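With the numbering used here applied, the sequence shown closes on residue 279, and no number is skipped along the way. Remarks on the structure that follows.
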Amino acid sequence: MKFLTIKKAHCASILVILVAICSVACICYAVKATSSPKALYTIVIDAGHGGRDGGAVGRTTEVTESYLNLQFALKLKSICEEYGFNVVLTRKDMNGLYSAFATNKKRSEMEKRMEIIEEANPDLVVSIHMNSFSTSEARGAQVFYAETHSEYEEFAQKVQDALNAKIDYAKKTAKSSDFYVINTTPIPSILVECGFLSNPEEEALLVSEEYQKDFCYVLFYGILSYFSVR
Ligand SMILES: [Zn+2]
Numbered sequence: 050m051k052f053l054t055i056k057k058a059h060c061a062s063i064l065v066i067l068v069a070i071c072s073v074a075c076i077c078y079a080v081k082a083t084s085s086p087k088a089l090y091t092i093v094i095d096a097g098h099g100g101r102d103g104g105a106v107g108r109t110t111e112v113t114e115s116y117l118n119l120q121f122a123l124k125l126k127s128i129c130e131e132y133g134f135n136v137v138l139t140r141k142d143m144n145g146l147y148s149a150f151a152t153n154k155k156r157s158e159m160e161k162r163m164e165i166i167e168e169a170n171p172d173l174v175v176s177i178h179m180n181s182f183s184t185s186e187a188r189g190a191q192v193f194y195a196e197t198h199s200e201y202e203e204f205a206q207k208v209q210d211a212l213n214a215k216i217d218y219a220k221k222t223a224k225s226s227d228f229y230v231i232n233t234t235p236i237p238s239i240l241v242e243c244g245f246l247s248n249p250e251e252e253a254l255l256v257s258e259e260y261q262k263d264f265c266y267v268l269f270y271g272i273l274s275y276f277s278v279r
């Protein structure tokens, strides 16, 4: 097949990932068992956009980025919780995070995201987005770190490496960017553009429940690299 959703040896690869996940997760549980019933680490998963801000739109299906961001965030949350992490979502449904009375809805939304992150005081923030470009050729998942926090470049690259190893067309290099959430919070954070809604083939993958789940497992494996070196 020309366009594979996940690179060759899919099943074997996922098995290897799960073994690796289990080894780190076991450490997590072992420490938990001897200290506190609470999860050892907290991750904020930040689904971008919401409400009247749908973000990018799929060219074929007209699916909104805000919907897909939420689907990916919910699946990533389930996986993280499955392996003992405490997860806080900034957005749990399709409603926007802005105040209905705010004149500047974007600012209100961003302030709410930061408020949730500050309250959760997590170890890590993972912001989820879908990309779009003016031409349909662009495709591939990419990880961003804050240009104000170059110390997280190495971690972002490890997540990028995990995606690149398993996801077709994923970019090779993580990039810095001035995205508001990851630039504003002092907490270690990355933003993941899971793929391009402007590319019809990638759009077809991104709307697939199975692809979303596989992608989130690979993303989780990449995220574990942060906790394994702390
Ligand atoms: Zn976005």
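All C-beta atoms in this analysis are idealised placements derived from N, C-alpha and C, irrespective of residue type, glycine included. Predicted model only: the values in this text are computed from it and were never measured.
DSSP beta-bridge partners of residue i
i, result
"residue 96", "177"
"residue 224", "193"
"residue 242", "178, 191"
"residue 142", "Answer by DSSP bridge pairing: none, since residue 142 is not bridged."
"residue 106", "113"
"residue 91", "135"
Same chain, Cβ closer than 8 Å to residue i, five either side skipped, listed in chain order
i, result
"residue 188", "218, 244, 245, 248, 250, 251"
"residue 143", "99, 100, 115, 116, 119"
"residue 92", "129, 134, 135, 136, 137, 171, 172, 173, 174, 175, 272"
"residue 196", "225, 226, 227, 232"
"residue 237", "172, 173, 174, 198, 201, 204, 275"
"residue 193", "205, 223, 224, 225, 226, 228, 231, 239, 240, 241, 242"
Extent of the continuous alpha helix (DSSP H) run through residue i
i, result
"residue 271", "258-277"
"residue 213", "202-215"
"residue 4", "Since the first residue shown for the chain is 50 and the last is 279, residue 4 is missing from the structure and cannot be characterised."
"residue 250", "249-255"
Delimiting residues of the beta strand (DSSP E) encompassing residue i
i, result
"residue 161", "Premise fails: residue 161 lies in the alpha helix (DSSP H), 154-169, not in any beta strand (DSSP E)."
"residue 137", "135-138"
Same chain only: Cβ atoms within 6 Å of residue i, ignoring 5 sequence neighbours per side
i, result
"residue 220", "189, 191"
"residue 87", "none"
"residue 109", "249, 252"
"residue 206", "223"
"residue 179", "105, 114, 117, 243, 246"
Contacting residues, own chain, Cβ-Cβ under 7 Å from residue i (five flanking each side not counted)
i, result
"residue 182", "245, 247"
"residue 229", "159"
Exercise. Pair every Cβ in the segment 231-251 with every Cβ in the segment 103-115, then say whether three or more of these pairs are closer than 8 Å.
Key: yes
Using 8 Å as the Cβ pair cut-off and three pairs as the minimum, do the segment 222-239 and the segment 161-171 touch? yes
inquiry  = Counting beta carbon pairs with one atom in the segment 142-157 and one in the segment 202-218, are three or more of them shorter than 8 Å?
reply    = no
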